[in-house]
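Chemist:
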Amino acid sequence: MMRASVRRVLGRNGMLVLGLGIVLFMSLAALGAPWLAPYPPDAEHLDHVLEAPSVHFWLGTDRLGRDILSRLLYGGRVSLWVGFVAVGISVSIGTTLGLVSGYFRRWVDETVMRLVDIMLCFPSFFLILAVIAFLEPSLTNIMIVIGLTSWMGVCRLVRAETLSLREREFVAAARLAGTSTPQILLRHILPNALAPVLITATLGIAGAILVESGLSFLGLGVQPPMPSWGNMLMEGKAAIETAPWLSVYPGLAILLTVLGYNLVGESLRDLLDPRLSA
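For the sequence shown, counting from 1, position 274 maps to 273 in numbering that gives the first Met the number 0; every step adds exactly one.
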């Protein structure tokens, strides 16, 4: 029964199938990097510096003779890891504050919403740049900073759902039955408020990958020799005319990954909230 429902949903939504296919392909390629990569990502082949794509180096080499395909696969692990961890942090903070704000209302709601307003006053990317500038650029710092500066949208969505759900009969019945407030929030309200969180998280992964790529391109993200798609773009910038493959392949990887997650997120939004597709 469930398989038939899944087939029916996928059969009616080609964009969802395409998005899932792209996401699955990119994820499997990144996870399988230790087995799929023909060379270690930092192995230098000084006899093959800036070599165009060939039989031995399918996507060419960089200025140090490192294989682009291998670095692309390992860079995907970094970019996807940043996306998932950063979104996990932002969803955790946003969901918690949204539940508390929407359920207790009054001064709690006012305090949380004013904090959201303050955070939204600052352009997210420039706020991240400012924070990273004072910290040591590292993978851990990037994930934490992106997560701490991108929870506001989730918070507002969960708050709106909670304000509606707290007035429903099943929540009133739980109160009358003596259910504690944490149990009401976790067992009755949170499961019914997860749909917008799922959509926002899916789209947020794409946003986090873009932010990490932008930071690495500016030299404030993942630091060489660790490969990421952003710093591969930065390294290829100097040789864009003589060795375009240095920039083309990382750019395509970012494009495909972000496109895949955006397609999945938009399709889920149409499926879980049909009013938006009207």
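Positions of the beta carbon are idealized from the N, C-alpha and C atoms, including for glycine.
1) State buried or exposed for Asp-46, treating a residue as buried only when at least 16 other CB atoms are found within 10 Å of its CB.
2) Using a Cβ-Cβ cut-off of 7 Å (strictly less than) and excluding sequence neighbours within five positions of Val-210, which residues of its own chain qualify?
3) Considering only the alpha carbon of each residue, which of Ala-238, Val-153, His-55, Arg-70 lies closest to Leu-98?
4) How far does the alpha helix (DSSP H) with Phe-56 in it reach, from first residue to last?
5) State yes or no: is the C-beta of Leu-79 within less than 9 Å of the C-beta of Asp-61?
6) Tell me the rounded alpha-carbon separation between Glu-168 and Pro-136.
7) Could you say if the stretch 174 to 183 and the stretch 236 to 252 meet the contact criterion of at least three C-beta pairs nearer than 8 Å?
8) Can the beta-carbon of Val-157 be found closer than 9 Å to that of Ala-200?
9) Which of the three DSSP states, helix, strand or coil, is assigned to Asp-66?
10) So, does the stretch 249 to 258 touch the stretch 102 to 110, judging by three or more C-beta pairs under 8 Å?
11) I need the boundaries of the alpha helix (DSSP H) containing Trp-34, first residue and last residue.
12) I need the boundaries of the alpha helix (DSSP H) containing Asn-140, first residue and last residue.
13) Determine, for Ser-163, whether the minimum Cβ-Cβ distance to residues of chain D falls below 9 Å.
14) Do you know how far the Cα of Pro-226 is from the Cα of Trp-150?
15) If you run the structure through DSSP and keep just helix, strand and coil, what is Arg-274?
16) Given 8 Å as the limit, is there contact between the stretch 24 to 35 and the stretch 68 to 77, that is, 3 or more CB pairs closer than that?
17) Per DSSP, what kind of secondary structure is Gln-222 in: helix, strand or coil?
18) How long is the line joining the alpha carbons of Trp-86 and Tyr-38, rounded to whole angstroms?
19) My understanding is that Glu-204 touches Tyr-260, with C-beta atoms under 8 Å, so please give their C-beta distance in whole angstroms.
20) With distances taken Cα to Cα, identify the nearest neighbour of Pro-195 among Leu-267, Asp-66, Pro-122, Cys-120.
21) With a threshold of 16 other CB atoms inside 10 Å of the CB of Asn-20, please say whether the residue is buried or exposed.
Modeler: With the given structure in hand:
1) By the 10 Å Cβ count, Asp-46 comes out exposed.
2) Phe-124, Ile-127, Ile-145
3) Val-153
4) That residue, Phe-56, is in no alpha helix (DSSP H); it is neither H nor E in DSSP.
5) No. Outside cutoff.
6) Looking at the two C-alpha atoms, the distance is approximately 50 Å.
7) Result no; under three Cβ-Cβ pairs closer than 8 Å.
8) no
9) strand
10) no
11) 32 to 35
12) In the DSSP assignment, Asn-140 falls within the alpha helix (DSSP H) that extends over 138 to 147.
13) Any reference to chain D falls outside this structure, which holds one protein chain only.
14) Straight-line spacing of the CA atoms in Trp-150 and Pro-226 works out to 27 Å.
15) For Arg-274, the predicted structure reports a pLDDT of 48, less than 50, and the residue's modelled location is therefore unreliable. The matter cannot be settled from this model.
16) yes
17) coil
18) The question names Trp, but residue 86 is Val in the sequence shown. Whole-angstrom Cα-Cα distance: 31 Å.
19) Before going on, a small fix: residue 204 reads as Ile here, not Glu. 5 Å between Cβ atoms; contact.
20) Leu-267
21) Correcting the residue identity first, residue 20 is Gly in this sequence and not Asn. It is exposed - the Cβ of Gly-20 has fewer than 16 other Cβ atoms within 10 Å.
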